[in-house]
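As structure tokens, the structure follows; a few thoughts come after it.
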Amino acid sequence: MSISVTVTQEPAATIAADAVVVGYFQDAPLEGAAAELNKATGGALAQLIESEDITGKHGALTTILAPAGTSATTVVVVGLGPEDEFDCGAALRAAATAAKALASKPRARVAFYLGDGWSNDLMEAAICGATIGCEGQDLYRADKDLHPFGEVLWSGADPATVVTAATVAEGVSLARRLVNEPASVIYPESFAAQAVEASGACGLEIEVWDKAKLEAEKCGALLAVSRGSVREPRLVIVRHQGGPDGEAPLALVGKGVTFDSGGLSLKPSDGMKTMKCDMAGAATVLGAMCVIAKLNLPVNVIGLMGLTENMVNGASFKLGDVLTARNGKTIEVLNTDAEGRLVLADTLDVAVGLGAAQIIDLATLTGACVVALGTDVAGLMTNDQTWCHEVEAASQVCGERAWQLPMFKEFNSQIKSKVADIKNVGEGRWGGAITAAKFLAEFVGDTPWTHIDIAGPAFLDSPKPWIDAGGSGAFVRTLVEVARRWQDGTTRIPTR
Ligand code: BES
Ligand code: MN
Ligand code: ZN
Numbered sequence: 000m001s002i003s004v005t006v007t008q009e010p011a012a013t014i015a016a017d018a019v020v021v022g023y024f025q026d027a028p029l030e031g032a033a034a035e036l037n038k039a040t041g042g043a044l045a046q047l048i049e050s051e052d053i054t055g056k057h058g059a060l061t062t063i064l065a066p067a068g069t070s071a072t073t074v075v076v077v078g079l080g081p082e083d084e085f086d087c088g089a090a091l092r093a094a095a096t097a098a099k100a101l102a103s104k105p106r107a108r109v110a111f112y113l114g115d116g117w118s119n120d121l122m123e124a125a126i127c128g129a130t131i132g133c134e135g136q137d138l139y140r141a142d143k144d145l146h147p148f149g150e151v152l153w154s155g156a157d158p159a160t161v162v163t164a165a166t167v168a169e170g171v172s173l174a175r176r177l178v179n180e181p182a183s184v185i186y187p188e189s190f191a192a193q194a195v196e197a198s199g200a201c202g203l204e205i206e207v208w209d210k211a212k213l214e215a216e217k218c219g220a221l222l223a224v225s226r227g228s229v230r231e232p233r234l235v236i237v238r239h240q241g242g243p244d245g246e247a248p249l250a251l252v253g254k255g256v257t258f259d260s261g262g263l264s265l266k267p268s269d270g271m272k273t274m275k276c277d278m279a280g281a282a283t284v285l286g287a288m289c290v291i292a293k294l295n296l297p298v299n300v301i302g303l304m305g306l307t308e309n310m311v312n313g314a315s316f317k318l319g320d321v322l323t324a325r326n327g328k329t330i331e332v333l334n335t336d337a338e339g340r341l342v343l344a345d346t347l348d349v350a351v352g353l354g355a356a357q358i359i360d361l362a363t364l365t366g367a368c369v370v371a372l373g374t375d376v377a378g379l380m381t382n383d384q385t386w387c388h389e390v391e392a393a394s395q396v397c398g399e400r401a402w403q404l405p406m407f408k409e410f411n412s413q414i415k416s417k418v419a420d421i422k423n424v425g426e427g428r429w430g431g432a433i434t435a436a437k438f439l440a441e442f443v444g445d446t447p448w449t450h451i452d453i454a455g456p457a458f459l460d461s462p463k464p465w466i467d468a469g470g471s472g473a474f475v476r477t478l479v480e481v482a483r484r485w486q487d488g489t490t491r492i493p494t495r
């Protein structure tokens, strides 16, 4: 969905809107729009600060209904937190918190007066947050919790930033919606159809590999996972050719398990409840690729999505099976629930085969990563420290939390198999996020590669003040940022 966002020059006190949102830093003087509104209302805001009803604590909301002296029905003061801690993440979450609260009922026009003199980056994050806050997981509820605004007005932003922000927000929304759709709606074939539609709308080239093509390409690992399902697998490749012809592309690779039952290593019911989210990596890649294409970033990027269900039937792949992956390595299957790494094995190999200069993969890969880092932090694992630093720096700038886990060679022995080249699980469950990454490393060769395990942040079990539960769209913005940094020339990739 896209919400109309436009710039306004109208003062906060006189704008005709259903709601006006102003920002206030903790322990700071009233500035900008907040100061204007204070004056127009005869000192109402100063009084509320005095009484500590307005604190400026990050994300704290104070709603003033029908304030005399203004044209708005509702004024919301949102706390921006301490000024010296303010960054893009804080800007996004503050705007999203205000938007989410206001979206509890339909509103035609909401005007945001957040930063005066904020950088374009902060503005973009905030504008993006306003969309994220008011879109939720209630796709199939007649009585919605959240009501996206008819129209959003933004003060103090330049028009180009508004357009960019709306584009980024659309990519995040796409990823969230695909994750929130149930597995009966989003399965490999229908995901691919959505990718075709989205690609058409944003000017990406697209290629879809069906089962016959995957067989011809010897994608034995991906195909094995798909065997237990009545839904055929797909591999989707999208291309954005924004850089010089012949320059090796950045590759973004996503795990797209549209439902993970665990296969014969069946998950317990509780563990399966949210496994429609297991295609979040692929959704993140598609969302980011759409943004990269729409912004027409001057870099070559390919997005690859390995799509399958992990189900159970008489044809299911079994424990003890030995698979031959596309790169020729043999894999002993000792747990069919460690399917994501099998899907990625072949998808990563396709990326390498397409001449990727550098690879990032995203996957809801392991529960172990959530144990290690919690639900809000993604795990980073790499075979190339410089490349990992780039990805980490991009995530930090975006306010998306990621933390690197080690890839010490001591872990290598854990994926050795007695009957095949490697096995698809480690020894026991300790360090499971790392042994999974060690497995993936077998399929990228020497290509600089960073793996982002998003099992924690991709899907929220419960809502937060700034975002509804369900798909979060986490790391769409980081991927876009990585591609943008290329534009800056900081990481222009060498032609190989
Ligand atoms: N999709 C799951 C990982 C997951 C867990 C994602 C929780 C999101 C939330 C993955 O396919 C899986 O089942 N991993 C196993 C690996 C194990 C069998 C080695 C796990 O984490 O238990
Ligand atoms: Mn699994
Ligand atoms: Zn999975």
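Heads up: the sequence shown begins at 0 in numbering that gives the first Met the number 0, then just goes up one per residue.
Think of the CB as a built atom: it goes at the ideal place given N, C-alpha and C, for glycine as much as any other residue.
Being a predicted model, the structure only gives us computed values, none of them experimental.
Practice prompt. Measure the C-alpha to C-alpha separation of Pro81 and Leu113 and round it to an integer number of angstroms.
Written response: Within the sequence shown, residue 81 is the residue found at index 82, counting from 1. Within the sequence shown, residue 113 is the residue found at index 114, counting from 1. Taking the straight line from one Cα to the other gives about 15 Å.
Worksheet item: Quick one, which of Val443, Gly245, Gly319, Val349 has its alpha-carbon nearest Val424's?
Response: Walking along the sequence shown from the start, residue 424 turns up at place 425. For Val424, the nearest C-alpha among the options comes from Gly319.
Worksheet item: Between the C-alpha atoms of Ala356 and His450, what's the straight-line distance to the nearest angstrom?
Response: What you label residue 356 is simply residue 357 of the sequence shown in a count that begins at 1. What you label residue 450 is simply residue 451 of the sequence shown in a count that begins at 1. Going by the C-alpha atoms only, they are around 15 Å apart.
Fill in: Run of the alpha helix (DSSP H) containing Thr96, from where it starts to where it stops
Here residue 96 corresponds to residue number 97 of the sequence shown, with the count starting at 1. Here the alpha helix (DSSP H) through Thr96 covers 87-101.
Item to complete: Mind checking which residues open and close the alpha helix (DSSP H) that includes Trp448?
Response: Within the sequence shown, residue 448 is the residue found at index 449, counting from 1. Taken as a continuous stretch (DSSP letters only), Trp448 belongs to no alpha helix (DSSP H), being part of the beta strand (DSSP E) at 448-452.
Worksheet item: By how many angstroms is the C-alpha of Ala45 removed from the C-alpha of Asn179?
Response: Locating residue 179 in the sequence shown gives position 180, where the first residue counts as 1. Locating residue 45 in the sequence shown gives position 46, where the first residue counts as 1. Rounded to whole angstroms, Asn179 to Ala45 spans 42 Å at the Cα level.
Item to complete: Give the DSSP-derived three-state secondary structure of Val184 in the structure shown.
Response: Locating residue 184 in the sequence shown gives position 185, where the first residue counts as 1. Note: Val184 maps to coil in three-state DSSP.
Worksheet item: To the nearest angstrom, how far is it from the Cα of Phe474 to the Cα of Ala16?
Response: As a first step, residue 474 is located in the sequence shown; it is residue number 475 there, counting from the start. As a first step, residue 16 is located in the sequence shown; it is residue number 17 there, counting from the start. Distance between the alpha carbons of Phe474 and Ala16: 33 Å.
Item to complete: Find the nearest neighbour of Leu478 within the set Val443, Cys397, Leu173, judged by alpha-carbon distance.
Response: Counting from one through the sequence shown, the residue named residue 478 turns up at place 479. The shortest C-alpha separation from Leu478 is found at Cys397.
Worksheet entry | Separation of Ala98 from Gly128, as counted between CA atoms | Indexing the sequence shown from 1 puts residue 128 at position 129. Indexing the sequence shown from 1 puts residue 98 at position 99. Roughly 8 Å between the two C-alpha positions.
Fill in: Straight-line gap, Ala344 to Met304 (C-alpha atoms, nearest Å)
Start at 1 with the first residue of the sequence shown, and residue 344 comes out as number 345. Start at 1 with the first residue of the sequence shown, and residue 304 comes out as number 305. So the alpha carbons of these two residues sit roughly 12 Å apart.
Discussion item. Quick check on DSSP: helix, strand or coil for Val390?
Written reply: By 1-based counting over the sequence shown, the position of residue 390 is 391. DSSP places Val390 in helix when its eight states are reduced to three.
Worksheet item: On the premise that Met278 lies in contact with Val311, defined as a C-beta separation below 8 Å, what is that separation, rounded to the nearest angstrom?
Response: As a working mapping, residue 311 is identified with position 312 in the sequence shown. As a working mapping, residue 278 is identified with position 279 in the sequence shown. That pair is no contact at about 18 Å.
Item to complete: Alpha carbon to alpha carbon, how far is His239 from Gln395? Give it in angstroms, no decimals.
Response: The sequence position of residue 395 within the sequence shown is 396, counting from 1. The sequence position of residue 239 within the sequence shown is 240, counting from 1. Using only the alpha carbons, I get a separation of about 25 Å.
Worksheet item: What three-state label does DSSP hand Ala432 in the structure shown?
Response: What you label residue 432 is simply residue 433 of the sequence shown in a count that begins at 1. Residue state, collapsed to three classes: helix.
Item to complete: Between the Cα of Ala216 and those of Arg325, Arg484, Glu399, Arg176, spot the shortest distance and give me the residue it belongs to.
Response: Here residue 216 refers to the residue found at position 217 when the sequence shown is read from its first residue. Residue 216 is actually Glu in this sequence, not Ala. The residue with the shortest Cα to Cα distance from Glu216 is Arg325.
Worksheet entry | Residue interval of the alpha helix (DSSP H) (run including Met122) | The residue you call residue 122 lines up with position 123 of the sequence shown. Note, Met122: alpha helix (DSSP H), 119-132.
Worksheet item: Residue range of the beta strand (DSSP E) that Ala496 falls in?
Response: What the structure shows of the chain is the stretch from 0 to 495, and residue 496 is not part of that stretch, so it cannot be assessed.
Practice prompt. Can you tell me which of the three DSSP states Asp259 falls into?
Written response: Counted from its first residue, the sequence shown places residue 259 at position 260. Strand at Asp259.
Practice prompt. Measure how close the beta-carbons of Phe442 and Ile414 come, nearest whole angstrom, since I'm counting them as under 8 Å.
Written response: Residue numbering aside, residue 442 sits at position 443 when the sequence shown is read from its first letter. Residue numbering aside, residue 414 sits at position 415 when the sequence shown is read from its first letter. About 12 Å; that fails the 8 Å criterion.
Worksheet item: Closer than 7 Å: is that where the CB of Gly261 sits relative to any heavy atom of ligand 2?
Response: Along the sequence shown, one-based indexing puts residue 261 at 262. Result yes, Cβ under 7 Å from ligand 2.
Practice prompt. Give me whichever residues DSSP pairs with Leu64 in a beta bridge.
Written response: Counting from one through the sequence shown, the residue named residue 64 turns up at place 65. For Leu64, which the question treats as bridged, DSSP gives the partners Thr73.
Worksheet entry | Coil, strand or helix - Ile291 by DSSP | Locating residue 291 in the sequence shown gives position 292, counting from the first residue. Correct three-state label for Ile291: helix.
Discussion item. Could you pull the DSSP bridge partners for Val20 from this structure?
Written reply: Residue 20 sits at position 21 when you count from the first residue of the sequence shown. Paired residues: Val75, Phe111.
Discussion item. Ligand 1 and Cys276: does any heavy atom of the ligand fall closer than 7 Å to the residue's C-beta?
Written reply: Indexing the sequence shown from 1 puts residue 276 at position 277. Checking every heavy atom of ligand 1 against the Cβ of Cys276, one is found closer than 7 Å.
Discussion item. Checking the sheet assignment: what are the DSSP bridge partners for Phe442?
Written reply: Your numbering for residue 442 matches position 443 in the sequence shown. None, per the DSSP bridge assignment.
Discussion item. Could you tell me which whole alpha helix (DSSP H) segments of length 4 or greater appear in the segment 305-361?
Written reply: 339-352
Discussion item. Can you list, in chain order, the residues of its chain with a C-beta nearer than 6 Å to that of Pro105? Leave out the 5 residues immediately preceding and following it.
Written reply: Your numbering for residue 105 matches position 106 in the sequence shown. Cβ neighbours of Pro105 beyond the five flanking positions: His146.
Item to complete: Within the same chain, show all residues whose beta-carbon is closer than 7 Å to that of Thr494, passing over the 5 residues directly before and after it, in chain order.
Response: Residue mapping note: residue 494 aligns to position 495 of the sequence shown, counting from 1. Reliability fails at Thr494, whose pLDDT of 39 lies under 50, so the model's placement of it is uncertain and the value that follows must be treated cautiously. Excluding sequence neighbours, Thr494 sits near Gly245, Glu246, Ala247.
Worksheet item: Nearest CA to the CA of Ser172: which residue from Gly455, Val77, Cys289?
Response: Here residue 172 corresponds to residue number 173 of the sequence shown, with the count starting at 1. Answer by Cα proximity: Cys289.
Worksheet item: Can the beta-carbon of Pro232 be found less than 8 Å from the beta-carbon of Leu213?
Response: On the sequence shown, residue 232 is found 233 positions in, with the first residue counted as 1. On the sequence shown, residue 213 is found 214 positions in, with the first residue counted as 1. Against a cut-off of 8 Å, the Cβ pair of Leu213 and Pro232 comes out as a contact.
Discussion item. Using a 10 Å radius around the Cβ and a threshold of 16 neighbouring Cβ atoms, would you call Ser198 buried or exposed?
Written reply: Counted from its first residue, the sequence shown places residue 198 at position 199. Buried: at least 16 other Cβ atoms inside 10 Å.
Fill in: Val207, enclosing beta strand (DSSP E) - first and last residue
For the purposes of this step, residue 207 is identified with residue 208 of the sequence shown, where counting begins at 1. First-last of the beta strand (DSSP E) with Val207: 204-208.
Worksheet item: Is the segment 140-157 close to the segment 117-124, with three or more CB pairs under 8 Å?
Response: yes
Worksheet entry | Straight-line Cα distance separating Trp429 from Ala102 | If you number the sequence shown from 1, residue 102 lands on position 103. If you number the sequence shown from 1, residue 429 lands on position 430. Distance between the alpha carbons of Ala102 and Trp429 is about 43 Å.
Discussion item. In whole angstroms, give me the CA-to-CA distance for Thr329 and Gly170.
Written reply: Residue 329 sits at position 330 when you count from the first residue of the sequence shown. Residue 170 sits at position 171 when you count from the first residue of the sequence shown. Distance between the alpha carbons of Thr329 and Gly170: 37 Å.
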